[in-house]
Amino acid sequence: MSDAVIAHLADQRDAILGRLNALLRIPSVSTEPSYAHHMDAARTMLLARLTEIGLDDVQLLDGGSGQPAVYGSWTGAPGKPTLIVYGHYDVQPADPLELWHSPPFEPTIRDGRIYARGASDVKGSTTIAIETVAAFLAVTGGCPINVKLFLEGEEEVGSPTARKIIDKFRHLLTADAMLSADGGKASLAVPTVGIGGRGCTGVEITLRTGTKDGHSGRYGGAARNALREISALIASLHDDQGRILVADFGADATPISNAARAAAAAIPMDEAEYLAQIGGTRWGDPNYTVRELTTLRPTIELNGLWGGYTGAGSKTVLPAEAHAKITMRLSPGMSPDKAMAALHAHLRAHTPKGVTLEMQQEMGGTAANSLPEDHPLLRIALGVLQTIHGKQAFPARAGGSIPITTIFKEMMGIDAMTFGLAMPDDDVHAPNESFRLSAFDEGLRSWPMLFSALGGMSKEEFNRR
Ligand SMILES: [Zn+2]
2 MSDAVIAHLA DQRDAILGRL NALLRIPSVS TEPSYAHHMD AARTMLLARL TEIGLDDVQL
62 LDGGSGQPAV YGSWTGAPGK PTLIVYGHYD VQPADPLELW HSPPFEPTIR DGRIYARGAS
122 DVKGSTTIAI ETVAAFLAVT GGCPINVKLF LEGEEEVGSP TARKIIDKFR HLLTADAMLS
182 ADGGKASLAV PTVGIGGRGC TGVEITLRTG TKDGHSGRYG GAARNALREI SALIASLHDD
242 QGRILVADFG ADATPISNAA RAAAAAIPMD EAEYLAQIGG TRWGDPNYTV RELTTLRPTI
302 ELNGLWGGYT GAGSKTVLPA EAHAKITMRL SPGMSPDKAM AALHAHLRAH TPKGVTLEMQ
362 QEMGGTAANS LPEDHPLLRI ALGVLQTIHG KQAFPARAGG SIPITTIFKE MMGIDAMTFG
422 LAMPDDDVHA PNESFRLSAF DEGLRSWPML FSALGGMSKE EFNRR
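In terms of our numbering, the sequence shown opens at residue 2 and continues consecutively.
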C-alpha cells in the first residue's frame, strides 16, 4: 500500500519542500514574547494545511495560557491502532545571529542541507509527518492507522502548558501509542530509533556560615567560609573518577538490562572524538562506556556556583553565604522526588554543625521515559529502517529529556517512540542549524512504510504484550 504513497510523495517533493520552507520562514520563537504574532502565523499556516489535507476536528488546543497546540485527526480505520503523531512548531532563538552563514529564517540549501533555524528541530520531521498523512489521504482515501496530529508550541521552553492542554482535551487525545517526529538519530553510522530519554530535576542551594560577611584578616582562619564549605559539599557528591557517592541515589533505578547494554554498544562512538568536540576529558564511572554514562546512567551536575566577591580586583572578605545550582539526569525507573530526597539527605548529612543549608527546587521533576523493548512500534520501526538502509537498526536512548513523552505516559498511559530525522551533527539550537536533504528523502519513505506496516496489525494485536 505504501508504494503508491511513496511515489506520490516523491512526485510532490518540490511542493513539500516549498511548504517546509514557508514554515521555516516564520520565526516561531516560543520563548520571546515579542514574537507572539509569529507563533500565531505558524499556527494559522498549520491549521490551514491540516484542514486542506482533509483532517477532522482541526483546532487549536488552548490550555488557557502559553502557546496552544495545533490538532487534527483522521480516525477512519476502525480496529486499527490509533497513534498520536507528535511534532512541534516552535523553535529556539537564532542568536548569536552574526555566526550564521545565511539568514536563520531564510532557508538556504548548501551542500545537500537546508540551513535554517528549526530545519531539523523539528519543522523538517514535523512536515514529513503531516505530508505522510496527506499523501495517504490523497492517494488511498484513508490512512492505514488512525492518526491524531498533536503539534506543540512550547517544546523549546519545556512544555509548561502541556499538562493543562492534555487535561482539558483528554477526550481528543486517547491513543494506543505516540509516534514523535522529534528526537533525532543517535548516530551517523547506524540507523536508530529513539526509545526514550532521561528524566531531569534541579535545585538551587544556599549555604550560610554566618549572619554577615567578615573581614578575612579579623575572622579568616578562625571562622567558616561559606564558599569553602559549599565547595567541600559539592566535592562530596562524587569520587575522583566521577562515581556518584550519594546514598540511595538511583536505588530505585530499573536495572540496566543486557539488551540495553548491547544496544548501547551497537551504536558506534569514538569516545576521544566525542570528548574532543568540547575539548573535554573523560570523567564518570570507569565501569561504563561514555554512551552508557550519557544515556543509561544518572548524573548529578553542578551548573553554577557563586558567592563572595567576583568583581574586578580583590576584596579580602570572609563570605557568609554561597550558592549553587545543581541538576540531575535520571535513568529509567528513578523518581524525581526520591532523587531529590537522596541529594537533600546527603547535603544535610555533609553540612557541618552551625552551617545552614537551604534547598529550593528550581524545576519540576520529570521522570525518564522508556518504550518497552518488546513494543510492536519499536519492532516495526527497526524493520522499516533495516529495509531502507540495508543494515541492522538499533534502539537508542537519548541523554536529554523529552518532557512531553513523560507527560503523555503519566497522564494518558501512552508509550512513545521517536522517529525523527535530525542527525547528531545538525547543530540544533546552535547557529547554522541544518537538515540533510537525504534525511528529508529518507523520511518521505520511512514514514509511509511505518504507517503501512502498523496498519497490518489490529488494535488488539498492537496492544497485546
Ligand atoms: Zn529543540
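Note that beta-carbon positions come from the ideal geometry of N, C-alpha and C, so glycine has one too.
Item	Value
Entirely enclosed beta strand (DSSP E) segments - the segment 122–208, minimum 3 residues	147–153, 178–181 and 193–198
Cβ pair count under 8 Å reaching 3, the segment 194–209 against the segment 368–378	yes
Backbone CA spacing between THR109 and ALA264 [nearest angstrom]	36 Å
DSSP state of HIS324 mapped onto helix, strand, coil	strand
Own chain, CB closer than 6 Å to THR1, minus 5 neighbours either side, in chain order	Since the first residue of the chain shown is 2 and the last is 466, residue 1 is not available in this structure.
Touch test, the segment 116–124 against the segment 23–34, Cβ-Cβ under 8 Å, three pairs minimum	yes
C-alpha gap between LYS410 and LEU372, whole angstroms	10 Å
Alpha carbon of LYS392 to alpha carbon of LEU379, nearest angstrom	16 Å
Nearest-angstrom Cα separation, counted from SER35 out to ASN304	29 Å
GLU359 burial status per 10 Å Cβ neighbour count (16 or more: buried)	exposed
Backbone CA spacing between ALA397 and GLY355 [nearest angstrom]	47 Å
Pick from SER232, ALA120, VAL92 and MET270 that is closest to LEU306, judged by C-alpha positions	SER232
CA-to-CA distance, GLU205 to THR311, given in whole angstroms	19 Å
Spatial distance of THR128 from VAL92 (CA atoms)	14 Å
GLY88 burial status per 10 Å Cβ neighbour count (16 or more: buried)	buried
Alpha-carbon spacing of LEU189 relative to ALA23, whole angstroms	28 Å
Cβ neighbour criterion (16 or more within 10 Å) applied to ARG219	exposed
The segment 176–195 in contact with the segment 277–287 per 3-pair CB rule at 8 Å	no
One or two residues paired with TYR275 in a DSSP bridge	Beta-bridge pairing links TYR275 to no other residue.
Among ARG209, GLY184, ALA11 and HIS345, nearest to PRO404 - alpha-carbon criterion	GLY184
Classification of HIS216 by the beta-carbon crowding that lies within 10 angstroms, buried from 16 upward	exposed
Ligand 1 heavy atom lying under 7 Å from the CB of GLU156	yes
CB of LEU348 within 8 Å of CB of LEU174, strictly	no
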